[in-house]
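Q: Before I ask anything, here is the structure I am working with.
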Amino acid sequence: MKKLKLYILAILISFPAFYMQAQVIVNSGIRFSSVEVNRNGNEILMKFSISSINANLGTQEMVVLTPAVKSATGSIIREFPPIVITGDVRAKALSRALGFGSYEFPVAPQLIIKESMTNDIPIMLNMPYSEELHNATLIVKEERIGCACENEYTNEYDLLRPILPPIFNPNYNVSYITPPVEEVKRRSETYNARLNFRLNRYEILRDFENNAAVLAEVDKVINEVRNDKNLTVNEFQITGYASPEGNFNSNMKLSENRAKSFVNYLNSTYNIDPSMIKVDWKGEDWDGLRKVVADLNIADKESVLDIIDNESNIDVRKNKLKQLSGGETYRMLLRDYYPPLRRNEYTISYIARNFDLNEAKEQIKTKPNLLSLNEMFIVANSYPKDSREFRETFDIATRIYPDSPIARMNTASSALERGETDMAISQLQGIDLPEAWNNLAIAYIKKKDYERARQYFQRASDAGLGIATENADQLSKWLDTQF
C-alpha cells in the first residue's frame, strides 16, 4: 500500500454556488459548515468546511468521516475517500503504522489531519451530473475508533438534501389568435366563359362550335349561386377580352361588344337587375398570353417573354413575335394559345349568411369559402387539439385565406403542438404579431436554441403579451437547473 503522510488539502478553485445548506455537527463534535453545490459544465462540485475545534476526541482516538451520495431509494451512488481526524497520540501511532505499512484503510484517505490543526478546512468533491442528484442526499458516515477499539460507533448524517434542486418541468403555452367576427361576409367567385364567335362578330350563338357546353356551364354556375339559400347575390362583373392578333383598336371594340353580348344573354336568360351588372373590356389580353407562355416549355420562351415585357409599341411587338423561328412560334401560339384568350370573364359577388357551430361543421366539408375565419376557429376548437379534425380545420383556413397572418399563425400553432417544429417555424417567419414571436420562441426551445427563444419571448413580452412573460419565466426557471 502507498505510504500516506499527514497533510492539509488546499482548495484551489472556487465556483459560484447555486445551492447551500447550514452547518451540521456530528456526534464527535466535528462541525461541517458552508455546505455548497456548484456546477461547472457537466461536473457537479460539492464543497464544505470541517472544523474540530470543539471536538471531544481523546488523544488515542480517531474519527473516519466518509462523504457519500445516497439516492432517494437509499442506495449509495458514490462514496468518496474518507477524511481522517486523529487525537495527538493517535496521530503519532498512525504515522508510525503507515510508515511500516501495517495500517490499511479500505480506501486511501483523501485527508489525514490532527484534531488540533482543524479549523474550517475546505473540502471539495466532484462527480458527473446525473438526474439522480436532484433527489439525492450528500451524507457523511462517522466512524469513531478508540485506542483499544472500545467505545467505537458508526453514525450517518445528512449534509445536504437534496444535492440539486428538484428538476423544473416547464409548461409553455402556445398562442392562438381568435379571428375577429366578420359582420358582413362579402365573397366573390370568378369564372371564364370562353365562347366562340364568328370572325369579327360578337353575337352569341348557342349552336356555334362548343358554345352549347360553355353556356351550359354558365347556366349551372349562376343557378347554383342564385338558388343557394346561404347566399345573397349583389353584383355581376363582366369583363371582355380579345386575343392579341390583328388591329389593336378593333380588338378593343370587339372585346367591348362581346362583353355586352354576354350581358344581354344574362339579362334575357335570368332577368337580372341591370343595376347589379357591371361591364368592362380590356381588349388584347397580353397579360394572359404572358402567363400562358411562362408555363410553356418551348424553344423561344425567353424571347417571347422579353418581347412582351420590353417592347411597348404593340405593332412592333406583334411583328417581332411573327419573326421568331421563321414564324413557326407565332403560328403555334395563334393556333393553340390565342383562342382561350378570347373570352368573357364573369365575377359573381355575394354575401354569405352567418352559420352556427353545427351548420359550420357541415359547411366546411362542402363550401368552406362561405365560412369566416372566426367561424372556422370556432369549428376547430370544438374538437380536441390532438384530433385530425382540429388540424384539418386550420389547414383549410390557411388554404381559403392564404394571405391572412392569423390563419397562418393558428395553423403554425397547431403544427407546433404536433411536434412539427420546422413547419411551424417556416409558417411563423414574417408574421409581425406578438403571438407569432411567442410561438417562435417555443419552436426554438424545441430546437435547443435557448438564446433565440429568450429573445423572441422578450420581444413578445415587450409588446404586452402576458403569456410570453409567463413562458419566459418558465424558460428561466428551467435553465437554472440545466447545464
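For the sequence shown, my numbering begins at 52 and goes up steadily by one.
Note that beta-carbon positions come from the ideal geometry of N, C-alpha and C, so glycine has one too.
#1: Let's test the definition: count the other Cβ atoms within 10 Å of the Cβ of glycine 517 and tell me whether it reaches 16, buried, or not, exposed.
#2: Report yes if the C-beta distance between tyrosine 292 and lysine 329 is below 8 Å; otherwise report no.
#3: Check aspartate 346 in the structure and name its three-state DSSP category.
#4: Roughly how many angstroms separate the alpha carbons of asparagine 262 and asparagine 300, rounded to a whole number?
#5: Indicate whether phenylalanine 259 and arginine 309 have their beta-carbon atoms separated by less than 8 Å.
#6: Can you have a look at threonine 124 and say buried or exposed, based on whether 16 or more other CB atoms are within 10 angstroms of its CB?
#7: Note down the Cα distance separating isoleucine 81 from asparagine 186, rounded to an integer number of angstroms.
#8: For lysine 371, which residues in the same chain have their Cβ closer than 8 Å to its Cβ, ignoring the five residues on either side in sequence?
#9: Decide if the segment 169-179 is in contact with the segment 88-96; the criterion is three or more beta carbon pairs, one per stretch, under 8 Å apart.
#10: Count the other CB atoms within 10 Å of the CB of lysine 342; is the residue buried (16 or more) or exposed (fewer)?
#11: From which residue to which residue does the alpha helix (DSSP H) around proline 419 run?
#12: Using three-state DSSP, classify alanine 159 as helix, strand or coil.
#13: Distance check for lysine 528 and isoleucine 476, CA to CA, integer angstroms please.
#14: For alanine 514, which three-state DSSP category applies?
#15: Mind checking glutamate 94: buried by the 16 CB within 10 Å criterion, or exposed?
#16: Rounding to the nearest angstrom, what Cα-Cα distance links cysteine 200 and proline 133 in this structure?
#17: What are the boundary residues of the beta strand (DSSP E) that glutamine 288 is part of?
#18: Touching or not, the segment 215-226 and the segment 274-281, by the rule of three or more beta carbon pairs under 8 Å?
#19: Who are the Cβ neighbours of glutamate 396 in its own chain at under 6 Å, not counting the five residues just before and after it?
#20: For arginine 252 versus valine 265, is the C-beta spacing smaller than 8 Å?
#21: Considering isoleucine 172, what are the terminal residues of the beta strand (DSSP E) in which it resides?
#22: Could you give the distance in angstroms between the alpha-carbon of glutamate 521 and the alpha-carbon of threonine 532?
#23: Please confirm if the segment 139-146 is in contact with the segment 218-237, defined as three or more CB-CB distances below 8 Å between the two stretches.
#24: Restricting to runs no shorter than 4 residues, where is the alpha helix (DSSP H) found entirely within the segment 192-279?
#25: Using a Cβ-Cβ cut-off of 6 Å (strictly less than) and excluding sequence neighbours within five positions of asparagine 105, which residues of its own chain qualify?
#26: In terms of residue numbering, what span does the beta strand (DSSP E) encompassing lysine 333 cover?
#27: Which residue wins for smallest C-alpha separation from lysine 192, given the options Leu108, Glu240, Asn107, Val75?
#28: Identify every residue that forms a DSSP beta bridge with phenylalanine 21.
#29: Flag this pair as yes or no: are the beta carbons of asparagine 302 and glutamate 335 separated by less than 8 Å?
#30: So, using beta-carbon positions, are leucine 467 and tyrosine 501 closer together than 8 Å?
#31: Pick from Asn461, Tyr381, Glu233, Ile136: whose alpha carbon is nearest that of isoleucine 402?
#32: If you draw a straight line from the C-alpha of threonine 137 to the C-alpha of lysine 498, how long is it?
#33: What residue does the alpha helix (DSSP H) around alanine 494 start on, and which one ends it?
#34: Can you name the start and end residues of the beta strand (DSSP E) that serine 438 belongs to?
A: In short:
#1: That one is exposed.
#2: Contact annotation: tyrosine 292 and lysine 329 have beta-carbon atoms that are not nearer than 8 Å.
#3: Here aspartate 346 carries a coil assignment [DSSP, helix/strand/coil].
#4: Asparagine 262 and asparagine 300: Cα-Cα distance of roughly 26 Å.
#5: Contact: no.
#6: Counting C-beta atoms within 10 angstroms of its own C-beta, threonine 124 has fewer than 16 neighbours from the protein chains shown and is therefore classed as exposed.
#7: Their Cα atoms are separated by approximately 26 Å.
#8: Within its own chain, the residues whose Cβ lies closer than 8 Å to the Cβ of lysine 371, once the five positions on either side in sequence are excluded, are Ile358, Glu362, listed in chain order.
#9: Segments in contact, yes.
#10: When all chains shown are included, lysine 342 counts as exposed.
#11: No residue range can be given for proline 419, since it is assigned to no alpha helix (DSSP H) and is classified by DSSP as neither H nor E.
#12: In the three-state reduction of the DSSP assignment, alanine 159 falls in the coil class, being assigned neither a helical nor a strand state.
#13: Approximately 24 Å between the Cα atoms of the pair.
#14: In this structure, DSSP gives alanine 514 a state outside helix and strand, which the three-state scheme calls coil.
#15: It is exposed - the Cβ of glutamate 94 has fewer than 16 other Cβ atoms within 10 Å.
#16: For cysteine 200, the predicted model reports a pLDDT of 48, less than 50, meaning its position is unreliable and no value from the coordinates is stated.
#17: Unbroken beta strand (DSSP E) run through glutamine 288: 282-293.
#18: Output reads no: the segment 274-281 does not touch the segment 215-226.
#19: By the criterion of a C-beta distance shorter than 6 Å, glutamate 396 is surrounded in its chain by Asn243, Thr290, once the five residues flanking it on both sides are discounted.
#20: At the C-beta level, arginine 252 and valine 265 stay beyond 8 Å of one another.
#21: From DSSP, the beta strand (DSSP E) with isoleucine 172 extends over 172-179.
#22: Distance between the alpha carbons of glutamate 521 and threonine 532: 18 Å.
#23: Result no; under three Cβ-Cβ pairs closer than 8 Å.
#24: Given a length threshold of 4 residues, each whole run of the alpha helix (DSSP H) inside the segment 192-279 is given here in chain order: 262-278.
#25: Here the set comprises Gly80.
#26: Start and end: 328-335.
#27: Looking at the Cα atoms, Val75 is the closest of the given residues.
#28: Outside the displayed range of the chain (52 to 534) lies residue 21, so it cannot be described from this structure.
#29: The answer is yes: Cβ separation under 8 Å.
#30: It is not a contact, given that the beta carbons lie outside the stated cut-off.
#31: Proximity to isoleucine 402 across Asn461, Tyr381, Glu233, Ile136 peaks at Glu233, based on C-alpha coordinates.
#32: One C-alpha to the other measures close to 55 Å.
#33: Note, alanine 494: alpha helix (DSSP H), 485-497.
#34: Counting along the chain, serine 438 falls outside any beta strand (DSSP E), and DSSP gives it neither H nor E.
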